[in-house]
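Below: the structure, in structure tokens.
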Amino acid sequence: MAHELSAKLAKVWVLAEIVLFTMIGTQVNIEVAFKSGMAGALLIGLGLVARGVGAYFSVLGSSLNRSERMFVVVASIPKATVQAAIGGVPLAAMAAAGIATGPGEVILAVAVLSIVLTAPLGAWVISAVGDRVLQVAPPQFHDARDAVLESHGGDDAL
Numbered sequence: 055m056a057h058e059l060s061a062k063l064a065k066v067w068v069l070a071e072i073v074l075f076t077m078i079g080t081q082v083n084i085e086v087a088f089k090s091g092m093a094g095a096l097l098i099g100l101g102l103v104a105r106g107v108g109a110y111f112s113v114l115g116s117s118l119n120r121s122e123r124m125f126v127v128v129a130s131i132p133k134a135t136v137q138a139a140i141g142g143v144p145l146a147a148m149a150a151a152g153i154a155t156g157p158g159e160v161i162l163a164v165a166v167l168s169i170v171l172t173a174p175l176g177a178w179v180i181s182a183v184g185d186r187v188l189q190v191a192p193p194q195f196h197d198a199r200d201a202v203l204e205s206h207g208g209d210d211a212l
């Protein structure tokens, strides 16, 4: 039942993503986005370094080899959904409180810059690095996966 619900929610999420990213795009003040350009990019870069270090240390005691641990770092690069979901919250809160919205506009602009910089870069790096450092699963894994799929009526949403 959980897999069926997950498959249905995945379909709803496609529409929700379109709405979410469209709404965030309409809120961005282009002037503020350009003004926060280099400082925002530097902040995002520092955040990526810190997140990469955290991701690496979080899998340090695992059974992953060094290449796989580095892939975990690379896989932490693309982030967009959370930034899109909460990037406009400070702006909305400031507007609702009737206070100056300048800082909220900067936060939103940097959130959008984060999406624009990390999503395509991360997708490209994951594709390039993943093919080099990740191994193909052994045949017995595929056999086990096929058996599980058969037991669930062939639903590939697992």
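In this text, residue positions in the sequence shown follow my numbering: the first is 55, and each later residue adds one.
In this text, a Cβ means the ideal position worked out from N, Cα and C, and glycines have one as well.
Asked                                                                                                         : Found
Proximity of G94 and V164 at Cβ, strictly below 9 Å                                                           : yes
Alpha carbon of G158 to alpha carbon of L102, nearest angstrom                                                : 22 Å
Candidates A149, L63, A177: closest to F125 by CA position                                                    : A177
Alpha-carbon spacing of F75 relative to A138, whole angstroms                                                 : 6 Å
Whole-number beta carbon distance between V166 and V82, since they are thought to touch under 8 Å             : 5 Å
The segment 109–126 in contact with the segment 171–189 per 3-pair CB rule at 8 Å                             : yes
Cα-Cα separation, L203 to A149                                                                                : 50 Å
Buried versus exposed call for P174 [16 or more other C-beta atoms within 10 Å across all chains shown]       : exposed
Own chain partners of V160 with C-beta closer than 7 Å, once the 5 adjacent residues on each side are dropped : V86, S90
A151 and A129 closer than 9 Å at C-beta                                                                       : no
Selection from T172, V190, A201, D200 that minimises the alpha carbon distance to L97                         : T172
Closest residue to L170 among P132, S112, S205, S116 (Cα-Cα distance)                                         : Just to set this straight, residue 170 is Val in the shown sequence, not Leu. With distances taken between Cα atoms, V170 lies closest to P132.
Minimum C-alpha distance to L162 - residue among V107, I78, V179, V127                                        : I78
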